[in-house]
Amino acid sequence: MSALALLASLFAGFATTSPIEYELNWNISQIGALGQLRPTPEMIAEVGYKEVVYDENQAIPEEFDARQQWPHCISIRTIWAQGQCGCCWAVASASAMGDRYCVRNQGNVVLSAYDLMSCCKDCALNGPCRGGYSHKAWAHWSTIGVVTGGPTQCSGCTCYRYTGENLFNCDHTCRAGSGLSYYNELTHGRPPKFLVNNAEVIQREIMANGPVVAVMDVYTDFVDPGKEVYIHKSGAFRGGHAVRVIGWGVQYVSGQRVPYWLVANSWGTQWGDGGFFRILRGYNHCRMETMVLAD
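In the numbering used here, each residue carries its 1-based index in the sequence shown increased by 2.
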């Protein structure tokens, strides 16, 4: 039995079998509209891979949680509910952009997925709720910029809030009554790069610069892992999903060490562990380590 099969067998009793309805009417029956389109090889070549220079003498801890490392960054602990809109590409990207902007500049901001969905015209092929490309969202942040904002009911959100409504007019004005200038609220990042398929490189990038976006394959058994480490065992492939990796850790099951990524989802706080989940680390499980974005 392979190491991966052994780990999967240890978690065989933890699968949730019945769909649960989450915030903004999101449930497993709508999982086909997850929203992340996988870039073509030509797109990947155009973006390129990040030339990483890290202090290899710095030990990688067994556990790391960006919420604890940068407690002043409210965006890191903010969970979105994307509803029935297949916009994970924008939500995960805006969230990680805000995280990294805060880490880099000590500026406590939450950035607007709605701004990306409204103003990045080449991010999505058939409308922002029918899938899009995370790497194009990051390129838009670098060249055009993304304004402040946040999810529905977000405390302290400023210019553009995400409401789940399919309006998407790129007006370049902040919400009525905010008293804010759209252009004064714009933030910018560096050009996006993919990280090589290497768990240690991903860990060091998070330690140095904050959370990253990963594109994972989703199957029908990815319902609600709770606090357990998700390991895909059965079920049909349902699509690509962009998520935000904020750390890692280890669980022990029947004496077996199970390494995991700590990930922020965008299905509301009633899903998973307050909106977060854990997935097997170091095995490129569900292609989790194949396509990781940073700036």
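Glycine residues also receive a C-beta, built at the ideal position from the N, C-alpha and C atoms.
Inter-residue Cα distance where the pair is residue i and residue j
{"i": "CYS90", "j": "ALA141", "result": "16 angstroms"}
{"i": "GLY284", "j": "PRO193", "result": "26 angstroms"}
{"i": "VAL95", "j": "CYS87", "result": "Correcting the residue type first, residue 95 is Ser in the shown sequence and not Val. So the alpha carbons of these two residues sit roughly 15 angstroms apart."}
{"i": "LEU282", "j": "TYR221", "result": "15 angstroms"}
{"i": "ASN59", "j": "ARG206", "result": "11 angstroms"}
{"i": "THR175", "j": "ASP124", "result": "21 angstroms"}
{"i": "TYR184", "j": "CYS161", "result": "7 angstroms"}
{"i": "CYS131", "j": "LYS229", "result": "29 angstroms"}
{"i": "ALA61", "j": "LYS52", "result": "21 angstroms"}
{"i": "SER144", "j": "GLY191", "result": "5 angstroms"}
{"i": "ALA238", "j": "SER180", "result": "45 angstroms"}
{"i": "TYR116", "j": "GLN258", "result": "43 angstroms"}
{"i": "VAL54", "j": "LYS195", "result": "10 angstroms"}
{"i": "GLU187", "j": "TYR103", "result": "13 angstroms"}
{"i": "VAL148", "j": "CYS122", "result": "10 angstroms"}
{"i": "GLU48", "j": "GLY129", "result": "23 angstroms"}
{"i": "GLU64", "j": "GLY134", "result": "34 angstroms"}
{"i": "VAL225", "j": "THR189", "result": "35 angstroms"}
{"i": "TYR56", "j": "ILE208", "result": "11 angstroms"}
{"i": "ILE146", "j": "ARG69", "result": "28 angstroms"}
{"i": "VAL252", "j": "ARG280", "result": "10 angstroms"}
{"i": "GLY151", "j": "ALA126", "result": "20 angstroms"}
{"i": "ARG240", "j": "PRO227", "result": "17 angstroms"}
{"i": "PHE66", "j": "VAL111", "result": "22 angstroms"}
{"i": "ARG75", "j": "VAL105", "result": "The displayed chain sequence assigns Cys, not Arg, to residue 75. Going by the C-alpha atoms only, they are around 7 angstroms apart."}
{"i": "LEU118", "j": "ARG177", "result": "15 angstroms"}
{"i": "GLY85", "j": "SER97", "result": "16 angstroms"}
{"i": "GLU77", "j": "LEU182", "result": "Note that residue 77 is Ser in the sequence shown here, rather than Glu. Near 20 angstroms, if we compare the C-alpha coordinates of LEU182 and SER77."}
{"i": "PRO73", "j": "ASP101", "result": "11 angstroms"}
{"i": "GLY109", "j": "PRO41", "result": "31 angstroms"}
{"i": "ARG79", "j": "VAL231", "result": "19 angstroms"}
{"i": "GLN71", "j": "ASN107", "result": "15 angstroms"}
{"i": "ASP275", "j": "GLY50", "result": "34 angstroms"}
Residue j beta carbon less than 8 angstroms from that of residue i
{"i": "PRO213", "j": "VAL260", "result": "no"}
{"i": "SER120", "j": "ASN171", "result": "yes"}
{"i": "ALA83", "j": "TRP269", "result": "yes"}
{"i": "VAL217", "j": "MET293", "result": "yes"}
{"i": "LEU36", "j": "GLY277", "result": "no"}
{"i": "ALA139", "j": "ALA92", "result": "yes"}
{"i": "ALA296", "j": "LEU197", "result": "yes"}
{"i": "SER236", "j": "ASP223", "result": "yes"}
{"i": "ILE233", "j": "HIS287", "result": "yes"}
{"i": "GLN38", "j": "ALA244", "result": "yes"}
As assigned by DSSP and simplified to three states, the class of residue i
{"i": "ILE46", "result": "helix"}
{"i": "VAL294", "result": "strand"}
{"i": "VAL93", "result": "helix"}
{"i": "GLY100", "result": "helix"}
{"i": "VAL105", "result": "helix"}
{"i": "TYR116", "result": "helix"}
{"i": "GLN86", "result": "coil"}
{"i": "TRP143", "result": "helix"}
{"i": "ALA266", "result": "strand"}
{"i": "ARG79", "result": "coil"}
{"i": "TYR135", "result": "coil"}
{"i": "GLN38", "result": "strand"}
{"i": "GLN71", "result": "helix"}
{"i": "TYR185", "result": "helix"}
{"i": "ARG289", "result": "helix"}
{"i": "MET3", "result": "Reliability fails at MET3, whose pLDDT of 48 lies under 50, so the model's placement of it is uncertain and the value that follows must be treated cautiously. Coil at MET3, not helix or strand."}
Nearest-angstrom beta carbon gap, residue j and residue i [assumed within contact, 8 angstroms]
{"i": "TRP273", "j": "MET290", "result": "The Cβ separation is near 18 angstroms, so there is no contact."}
{"i": "ILE81", "j": "THR271", "result": "5 angstroms"}
{"i": "VAL215", "j": "SER136", "result": "5 angstroms"}
8 angstroms Cβ cutoff, residue i in contact with chain C
{"i": "GLN272", "result": "Protein chains in the displayed structure number just one, and chain C is not present."}
Closer than 7 angstroms: residue i CB and nearest the ligand ADP heavy atom
{"i": "ALA96", "result": "Here there are no bound small molecules, and the ligand ADP is not part of this structure."}
- Return the chain-ordered ranges of every alpha helix (DSSP H) run that is complete within the region 195-249 and spans a minimum of 4 residues. 201-211
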